[in-house]
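The block underneath contains the structure these notes are about, expressed in structure tokens.
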Amino acid sequence: MSKPTPPRYRTTNWSSYNASLKKRGSLTVWFDPSMTWEGLPTGRRGRQPGYSDAAIQTCLTLKVLFGFALRQTTGFVESLLRLAGLSWSVPDFSTLSRRQKSLTVDIPYRGSDGPLHLLIDSTGIKVEGEGEWHRRKHGGSKRRIWRKLHIAIDEGSLEIRAVEMTKNEIGDAPVLPVLLEQIPEDEDIASVTADGAYDTRRSHETIANRGAQAVVPPRKNAKPWRPTSAGAIARNETLRACRHLGRALWRRWSGYHRRSRVETKMHCIKLLGQRLTARDFDRQVTEVHIRVAILNRFTALGTPLTCAVA
1 MSKPTPPRYR TTNWSSYNAS LKKRGSLTVW FDPSMTWEGL PTGRRGRQPG YSDAAIQTCL
61 TLKVLFGFAL RQTTGFVESL LRLAGLSWSV PDFSTLSRRQ KSLTVDIPYR GSDGPLHLLI
121 DSTGIKVEGE GEWHRRKHGG SKRRIWRKLH IAIDEGSLEI RAVEMTKNEI GDAPVLPVLL
181 EQIPEDEDIA SVTADGAYDT RRSHETIANR GAQAVVPPRK NAKPWRPTSA GAIARNETLR
241 ACRHLGRALW RRWSGYHRRS RVETKMHCIK LLGQRLTARD FDRQVTEVHI RVAILNRFTA
301 LGTPLTCAVA
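For the sequence shown, full-length UniProt numbering begins at 1 and goes up steadily by one.
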């Protein structure tokens with residue numbers, strides 16, 4: 001059988017998408033004078049916070065976006081407030097570092113018109129150690145440390161809806177239930193697309209419990225499971241379809257190729273930095289969440305709309 005000719009695509013909203021790309025590079029920064037910049041009383045004993053979570057997230061967002069250190073971030077925010085004519089005080093570098101450990105980042109998203117089609121994948125982000133050139137030339141170092149980032153994006157809006165970061169010894173499949181728990185229960189999930197590393201009983205049962213279709217290719221040495229649950233029955237049907245149609249046709253028929261979009265989103269996350277600057281795990285989680293919030297705001301500015309052409 002001859003190999004099918006891949007379709008060609010054409011962008012239909014190039015003018016608006018071009019304008020959105022220009023907005024991503026705009027240096028215009030707006031501060032709402034009515035925002036709560038100073039911290040509010042917590043009602044507990046001890047020293048009260050001097051700055052709100054919104055103020056800390058604003059400073060850390062500028063830090064991640066422009067690749068500043070903590071002290072340079074403080075000076076940058078001071079200059080922005082001075083240009084805006086605001087007499088607000090700016091948290092120093094030690095306050096930013098301390099609050100980053102326990103900050104709950106507000107990740108914006110627009111939502112989808114219909115049921116969600118989630119695309120799930122994972123990648124590694126470097127924390128310590130030399131680069132790839134140094135490793136190949138002089139060998140590996142004992143202090144090469146990296147984290148594992150797991151995300152789930154909405155195929156329709158291309159926004160990141162769930163994010164989880166683990167250490168490098170954690171596999172992919174155990175994190176899938178954690179990602180689906182971040183989606184509200186009242187929001188319908190139509191399908192969950194992931195690679196063969198998520199072909200486990202727990203993953204299929206979790207997807208079936210949310211009433212979604214699992215688009216997960218079985219492993220090459222996969223065997224039928226005992227049909228004791230809805231997830232096992234759906235997985236056996238996928239295995240039967242792969243054996244009958246072949247893996248290539250099954251991927252085209254099931255739409256498995258859509259998973260490439262989550263790989264592109266992983267590349268966008270690493271464009272904000274190939275490594276994490278924080279050294280503490282909790283601060284690293286906050287840094288990743290801020291990256292996700294930045295990317296979702298970029299995505300909300302505009303995305304390309306493509307269609308297949310003959």
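The C-beta atom is built at its ideal place from N, Cα and C for all residues, glycine as well.
Specify, as a first and last residue, the run of the beta strand (DSSP E) that residue i falls within.
i, result
"LEU86", "Taken as a continuous stretch (DSSP letters only), LEU86 belongs to no beta strand (DSSP E), as it is neither H nor E."
"VAL288", "Not the beta strand (DSSP E): VAL288 falls in the alpha helix (DSSP H), residues 281-301."
"TRP14", "TRP14 -> not in any beta strand (DSSP E); alpha helix (DSSP H) instead, spanning 14-24."
"ILE56", "Segment 53-66 is the alpha helix (DSSP H) holding ILE56; no beta strand (DSSP E) there."
"VAL163", "160-167"
"LEU276", "No beta strand (DSSP E) holds LEU276; DSSP gives it neither H nor E."
Alpha carbon to alpha carbon, how far is residue i from residue j?
i, j, result
"TRP250", "ILE153", "22 angstroms"
"VAL29", "HIS257", "38 angstroms"
"ARG275", "LYS63", "14 angstroms"
"LYS270", "THR264", "10 angstroms"
"ARG252", "THR95", "52 angstroms"
"ASN296", "TYR109", "6 angstroms"
"THR58", "ILE233", "48 angstroms"
"VAL127", "PRO227", "43 angstroms"
"ARG24", "VAL292", "15 angstroms"
"LEU80", "ILE56", "15 angstroms"
"ILE189", "LYS220", "27 angstroms"
"VAL215", "LEU86", "52 angstroms"
"PRO304", "ARG8", "15 angstroms"
"CYS307", "ILE294", "27 angstroms"
"SER97", "PHE281", "13 angstroms"
"GLN100", "GLY46", "19 angstroms"
"GLY273", "ARG240", "43 angstroms"
"VAL90", "PRO41", "18 angstroms"
Taking residue i as the reference, which of the options has the closest Cα?
i, options, result
"PRO115", "CYS242, VAL192, ASN168", "VAL192"
"LEU27", "ARG226, THR5, LEU60, PHE66", "PHE66"
"PRO33", "SER16, ASN13, ALA54, ARG45", "ALA54"
"LEU60", "ILE290, ALA197, THR306", "ILE290"
"PRO174", "ASN221, THR11, ALA194, SER112", "ALA194"
"SER112", "ALA230, ILE183, HIS150, VAL105", "ILE183"
"PRO224", "ALA230, GLU237, PRO91", "GLU237"
"ALA162", "ASP121, TRP14, ILE125", "ASP121"
"ARG202", "ALA212, GLY211, PRO177, ARG10", "PRO177"
"ALA197", "ALA241, ILE160, PRO218", "PRO218"
"LYS167", "ASP92, ARG279, GLY156", "ARG279"
"ARG259", "ARG210, LEU158, ALA300", "LEU158"
Quick check on residue i - is its C-beta less than 7 angstroms from some C-beta in chain D?
i, result
"HIS150", "Among the protein chains of the structure shown there is no chain D, as only one such chain exists."
Starting from residue i, trace the alpha helix (DSSP H) both ways and give me its first and last residue.
i, result
"TRP253", "247-254"
"THR206", "201-209"
"VAL262", "260-271"
"GLN100", "93-100"
"VAL215", "From DSSP, VAL215 is part of no alpha helix (DSSP H) but of the beta strand (DSSP E) over 213-215."
"LEU305", "First-last for LEU305: undefined, no H or E at that position."
Beta-carbon separation of residue i and residue j under 7 angstroms?
i, j, result
"residue 379", "GLY39", "The chain is shown only over 1 to 310; residue 379 falls outside these bounds and no answer can be derived."
"THR286", "LEU103", "yes"
"LEU180", "THR200", "no"
"ARG235", "HIS204", "yes"
"THR123", "MET266", "yes"
"ALA208", "ALA222", "no"
"TRP37", "TRP88", "yes"
"VAL288", "MET165", "yes"
"ILE160", "ILE170", "no"
Would the region 12-28 count as touching the region 68-77 if we require 3 or more Cβ pairs under 8 angstroms?
No, the region 12-28 does not touch the region 68-77.
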